[in-house]
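Working notes, structure below.
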């Protein structure tokens, strides 16, 4: 991990894991959609003092590792991101609209963990239990 944010008086190193799951666990994420979702993240994140570290996807969720500043409003950023990315992805990828016509792209909930704060099985369990109730 070595990158740190500096300003005149403080040094901080705050890393987070974020897991966002597609609504109803629909298997719609491919490399192209993931890349576009990542681009949208990188456009919005700087306004909130957030820096992307790693981006990984599976067919039904993304797992993001990012750095934030103490003043970053994380839930506000995540909701802004989910809203913008949902709108743009559905607009740009007709195959998503077919699977999630009136629905948001992302599940309403998300899982945000401080890095090192949760064992990997907690993360995996969250992913596995998302969306089991089909709508």
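In UniProt numbering, the protein residues as written are 1 to 135.
Even for Gly, the Cβ is constructed at its ideal location relative to N, Cα and C.
Classified as exposed, residue 87 has fewer than 16 neighbouring CB atoms from the shown chains inside 10 Å of its CB. In the structure shown, the three-state DSSP call for residue 123 is helix. The alpha-carbon of residue 95 is positioned some 14 Å away from that of residue 34. At least 7 Å separates the beta-carbon of residue 21 from that of residue 99. For residue 19, the enclosing beta strand (DSSP E) starts and ends at 15-21. DSSP places residue 26 in no alpha helix (DSSP H); its state is neither H nor E. Using a C-beta cut-off of 8 Å, the region 74-90 makes no contact with the region 122-130, since fewer than three inter-stretch Cβ pairs fall below that distance. Taking all protein chains shown into account, residue 91 has fewer than 16 neighbouring C-beta atoms within 10 Å of its C-beta and is therefore exposed. Membership of residue 77 in the alpha helix (DSSP H) is indicated by the continuous run 74-92.
Within 10 angstroms of the beta-carbon of residue 13 lie fewer than 16 other beta-carbons, which makes it exposed. In this structure, the alpha-carbon of residue 130 lies about 21 Å from that of residue 38. For residue 105, no beta strand (DSSP E) encloses it, and the DSSP letter there is neither H nor E. Listed as beta-bridge partners of residue 66 by DSSP are 16 and 52. Inter-residue distance for residue 55 and residue 19 is about 10 Å (C-alpha atoms, whole angstroms).
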